[in-house]
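What follows is a single structure, written as structure tokens, with notes after it.
Residue numbers (the numbering used here): 568 to 801.
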């Protein structure tokens with residue numbers, strides 16, 4: 568019984584450690600996604616700055632060009648672009664929730680003699696004279712004295728208390744398993760959502776970097792032409 572209780576306690580601690588590890592992995596993805604979002608915002612600001620420089624350059628030197636470049640990379644990615652939509656998973660938390668039975672109040676204790684469960688250990692009957700010694704010897708031979716009966720009851724009571732403690736720990740283990748299963752499914756779902764969002768943000772980050780690189784190339788070319796025009800005017 569002691570070994571069984573120790574095994575239950577060990578399994579409960581293992582389940583709690585596994586849940587903590589899953590939450591740590593989800594936190595890592597969440598932090599990585601936050602960093603990518605900030606980097607993408609910085610790239611978008613850089614691209615906007617380059618667009619403003621391009622407009623200023625066009626106004627000064629290129630009066631006959633169209634109002635906006637025809638290059639596809641100038642198109643700013645919007646929220647409705649399919650490439651920028653984060654792949655989200657359907658909310659299945661309601662399906663993964665496991666209902667845990669509510670704790671019910673304990674039943675009322677039966678009263679002695681109310682239902683016939685508790686019967687007197689022995690009945691006191693008047694003993695005829697001359698039979699006390701014979702009855703005492705018979706009781707001793709059968710080991711059914713009141714003291715021995717009380718000892719047996721005390722031993723059984725201790726066994727019942729130990730069994731009740733084991734059953735209580737077993738119930739705690741089952742409850743912990745149910746809660747762990749529910750939390751594990753919820754954590755795995757959140758982890759998958761963060762992974763999908765992480766992949767989408769990385770793709771968006773790569774596209775923005777490419778746009779900024781091309782925009783810088785175009786700016787460098789036209790800025791060089793502007794310098795040449797300035798030299799010719801001098």
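Beta carbons are placed, not taken as given, at the ideal position from N, Cα and C, and that holds for glycine.
- Looking at 723, 742, 784, 604, the one whose alpha-carbon comes closest to that of residue 767 is 604.
- Taking a C-beta distance under 8 Å as the contact criterion, residue 607 and residue 772 qualify as a contact pair.
- The C-beta distance from residue 609 to residue 765 rounds to 18 Å, too long to fall under 8 Å, and the pair is not in contact.
- Taking C-alpha positions only, residue 759 is separated from residue 596 by approximately 10 Å.
- In the assembly as shown, residue 619 is an exposed residue. Its beta-carbon has fewer than 16 other beta-carbons within 10 Å.
- A distance of 8 Å or more separates the beta carbons of residue 617 and residue 775.
- CA-to-CA, the gap between residue 782 and residue 623 works out to about 14 Å.
- Looking from the CA of residue 790, the closest CA among 761, 621, 745, 778 belongs to 621.
- Between the alpha carbons of residue 734 and residue 754 lies a gap of roughly 30 Å.
- CA-CA distance, residue 727 to residue 744, rounds to 26 Å.
- Of 784, 786, 769, the smallest CA-CA separation from residue 601 is found for 769.
- Straight through space, the alpha carbons of residue 584 and residue 785 are spaced by roughly 55 Å.
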